[in-house]
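**Student:**
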Amino acid sequence: MAERIRSFTADPVKLDEAVALAVRYLNAGQVVIVAAEIGYVYLADAFDADAVKTIHILRGDSAGVAAQVFIKNSGVLAGIAAPLTPLQNEVLARFWPGLLSVTLKSQAGVNWNLGDERRLGLINVRVPNREFLGKVLEKTGPLATASIAFAGKPAIIDLSEIIIRE
2 MAERIRSFTA DPVKLDEAVA LAVRYLNAGQ VVIVAAEIGY VYLADAFDAD AVKTIHILRG
62 DSAGVAAQVF IKNSGVLAGI AAPLTPLQNE VLARFWPGLL SVTLKSQAGV NWNLGDERRL
122 GLINVRVPNR EFLGKVLEKT GPLATASIAF AGKPAIIDLS EIIIRE
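Residue numbers for the sequence shown follow the numbering used here, beginning at 2 and rising by one.
1) What are the boundary residues of the beta strand (DSSP E) that includes Lys106?
2) Which residues bound the beta strand (DSSP E) around Arg44?
3) Report the residue from Leu78, Gly30 and Pro87 whose alpha carbon sits nearest the alpha carbon of Leu123.
4) Counting Cβ pairs, one atom from each stretch, are 3 or more of them under 8 Å apart for the region 124 to 144 and the region 54 to 66?
5) What is the residue span of the alpha helix (DSSP H) that Gln89 lies within?
6) Using 8 Å as the threshold, is the C-beta distance between Gly99 and Asn130 below it?
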């Protein structure tokens, strides 16, 4: 049964409760739907291949499509991406957190499958600018993400458009 988690950023206790519940579901291999800056997205533990696969099934993605990865801050990149140039670091410092997504060479030792069976050798990462997401990422580490819209369709910004499949 799907459970709706309400996050009230004005109430720190309720926010922390919502974060704890989302983290519990993510750690249990579940997929969570949350509001991002420009629409609703699926989230799953980036290192849980079954959970990431569930995102792709829910979206109707073609084989080989890789999920994006949300991270808490640029410090996480050292563990998941090849080293950055000083210019890349400067750009990220200026625009993160925010809507800037970057595609980087994946760290060779990272053991995950974002949907491409690691064939691309690349990851697309972003640091979201949402308090709730930041708190969740602080406790979970990298999360695979994709819009809850079906592949190729516009972003969903109204909760009434969400179809929950169990």
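We put the CB at the ideal spot given by N, CA and C, even for glycine. What you are looking at is a predicted structure, and each value in this text was computed from that prediction instead of being measured.
**Tutor:** So, to answer that:
1) First-last of the beta strand (DSSP E) with Lys106: Val103 to Lys106.
2) The displayed chain sequence assigns Leu, not Arg, to residue 44. Element bounds for Leu44: Gly40 to Asp46.
3) Leu78
4) no
5) Here the alpha helix (DSSP H) through Gln89 covers Pro87 to Phe96.
6) yes
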